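Everything on this sheet refers to the single structure shown next.
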Amino acid sequence: STGDDGASGDGGSGDVITVGFAQTGSESGWRSANTESMKEAFSADNGFDLKFNAADNKQEAQIAAVRSFINQGVDAIVIAPITVDGWDDVLKEAQDAGIPVVLEDRTVSASEDLYASWVGLDFEQEGKTAGEWVKENFDGKGANLVILEGTTGSSAALDRATGFAEATEGTDINVLDSQTGDFTRDGGKKVMEGYLQKYGDDIDVLFAHNDDMGLGALDAIEAAGLTPGKDIQIVTIDAVHDGMQALADGKFNFIVECNPLLGEKAADLVKAVLAGETVEKKTIVPDQSFTQEQAIEALPTRPY
Ligand code: GYE
5 STGDDGASGD GGSGDVITVG FAQTGSESGW RSANTESMKE AFSADNGFDL KFNAADNKQE
65 AQIAAVRSFI NQGVDAIVIA PITVDGWDDV LKEAQDAGIP VVLEDRTVSA SEDLYASWVG
125 LDFEQEGKTA GEWVKENFDG KGANLVILEG TTGSSAALDR ATGFAEATEG TDINVLDSQT
185 GDFTRDGGKK VMEGYLQKYG DDIDVLFAHN DDMGLGALDA IEAAGLTPGK DIQIVTIDAV
245 HDGMQALADG KFNFIVECNP LLGEKAADLV KAVLAGETVE KKTIVPDQSF TQEQAIEALP
305 TRPY
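Under mature numbering (1 follows the signal peptide of the UniProt record, and there is no 0), the residue at position 204 of the sequence shown is numbered 208, and the numbers go up by one with no gaps.
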């Protein structure tokens, strides 16, 4: 019914496009929203046969999934790369097999010639926006900061760290510690427990590379008898529903958005590439940021 834009040559069962999608895993609320967006866009209604794999955040498992898509002879492969490095060989194999690859979400260090296109977010700018908020609110106060990093070696974690460091450079903000919580609630909680044990109420501000780690940290902070949002101020990235609720409730203080709704753009790119059209090598989807009042206003109409 819907989804038929009237374009010619599309719609016969012989035209079904088989796509293998190698997702990172299911580490966060952002990831759930991204998976849903991808499954919706690559639906049978839109002319796709989607083979979905989630790699549980294990690089080798994700590479194995891509190899299996190549062996199955899919028409195209979409990857949300867990880490930046390690992609050269398998991308070359896909290219040799004549299977175009579209990247979504994170980037890779491999040569641009090895994939058709990438659609994602400006992670460095996200980190910078978070850093600017910290600078504005804490510079000149000798504040102590702790950081919860995303998955080690992921472009999201690397670029957010770069942007944040850039924005806070030259301030008197003291980084007490920075460790990975792997983008999960559990990881965020465990690392935050360690920080609280080590630094106690010396901690003034927490920067978490995503909402989920910040949400995990809330448990640890409350269990330590401290009030999140007051005793320890919190800035995170993503703006998924639970994060926005925490911000609206005053437990988080600021969120930089990271838009997970990349499915439609990824599906358009796959169709264009398979049709032999020239596509942009990079598509960056814009993000915004939220204060508490903005979160309260935005929450009722957020789609995820
Ligand atoms: O911020 C985090 C997820 O790569 C942008 O991965 C993505 C990040 C997102 O696990 O929640």
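Ideal Cβ placement from N, Cα and C applies to all residues, glycine included. These figures come from a predicted structure and were not determined experimentally.
Check, Outcome
"Selected residue, minimal CA-CA separation from E116, among K286, E297 and Q296", "K286"
"Straight-line gap, F258 to R110 (C-alpha atoms, nearest Å)", "23 Å"
"Residue closest to D93, alpha-carbon to alpha-carbon, out of L210, E64, A37 and K55", "E64"
"Bridge partners - A26, DSSP secondary structure assignment", "N57 and I83"
"Spatial distance of W137 from V260 (CA atoms)", "10 Å"
"Cβ contact check for the segment 116–127 and the segment 68–79: 3 or more pairs under 8 Å", "no"
"Cβ-Cβ separation, G254 to G267 (assumed contact under 8 Å), whole Å", "The Cβ separation is near 33 Å, so there is no contact."
"Rounded separation between V274 and D100 - CA only", "18 Å"
"As assigned by DSSP and simplified to three states, the class of E128", "helix"
"Segments of 4+ residues assigned as alpha helix (DSSP H) that fall wholly inside the segment 195–276", "215–227 and 245–252"
"Contact under 8 Å by Cβ, F187 with G157", "no"
"Contact under 8 Å by Cβ, L95 with V150", "no"
"Exposure label - A11; buried when at least 16 CB within 10 Å", "Residue placement at A11 cannot be trusted, given a pLDDT of 43 that sits under 50; what the coordinates show is reported in the next sentence. Exposed: under 16 other Cβ atoms inside 10 Å."
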